[in-house]
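Everything on this sheet refers to the single structure shown next.
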Amino acid sequence: MNCAITVCDRNGVILYMNAKSRETYIKHGNLIGKNLMDCHSDRSKSIIRDLLETGGQNVYTIEKDGIRKMIYQSAWKENGKVMGLCEISVILPEEIPHCRRD
43 MNCAITVCDR NGVILYMNAK SRETYIKHGN LIGKNLMDCH SDRSKSIIRD
93 LLETGGQNVY TIEKDGIRKM IYQSAWKENG KVMGLCEISV ILPEEIPHCR
143 RD
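Okay, structure coming up:
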């Protein structure tokens, strides 16, 4: 799967990074066991805290150095209780067909 997957616990401690995620953040070293709040802006920290409190999701697109990505962040739960967050980052092609299936 050509996407970066990062999982943290409810305290923001990174539990898992797939190979693409590790490659994406290689300049930061091994982030497993580190707190993701340490590498986010105040605005991002606020969103992360909200997701952890509400169990919600945050979906958006970004562009950096000419590369477009869709970021999907969602709480993961166990027995109905928020246990942390999962972030999936997918590189988007220049053209994406949009199909309606009503």
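Counting the sequence shown from 1 gives a position; this note's numbering is that position plus 42. The beta-carbon is built from N, C-alpha and C at its ideal position, and this holds for glycine as well.
9 Å Cβ cutoff met for residue 55 and residue 76: Here residue 55 is near residue 76, since their CB atoms are less than 9 Å apart.
Please confirm if the stretch 63-73 is in contact with the stretch 85-103, defined as three or more CB-CB distances below 8 Å between the two stretches. No, they do not touch.
Within-9 Å CB hit, residue 135 to chain B: Absent from the structure is chain B; it holds one protein chain and no more.
Between which two residues does the alpha helix (DSSP H) holding residue 94 run? Unbroken alpha helix (DSSP H) run through residue 94: 84-96.
Quick check on the burial criterion: 16 or more other C-beta atoms within 10 angstroms. Buried or exposed for residue 134? Within a 10 Å sphere around the beta-carbon of residue 134 sit fewer than 16 other beta-carbons, which makes this residue exposed.
Going by alpha carbons, who is nearest to residue 111 out of 132, 117, 78 and 63? Cα-wise, what sits closest to residue 111 is 132.
Going by beta carbon distance, what residues of the same chain come within less than 7 Å of residue 67, once the five residues before and after it are set aside? 73.
Quick one: using the 10 Å Cβ neighbour count with 16 as the cut-off for buried, is residue 59 buried or exposed? The residue is buried, with at least 16 neighbouring Cβ atoms inside 10 Å.
Can you tell which of 109, 114, 108 and 91 has its C-alpha closest to the C-alpha of residue 102? Of 109, 114, 108 and 91, the smallest CA-CA separation from residue 102 is found for 114.
Using alpha carbons as the reference points, say which of 106, 53 and 99 lies closest to residue 14. The shown model of the chain, from 43 to 144, leaves out residue 14, and the question about it has no answer.
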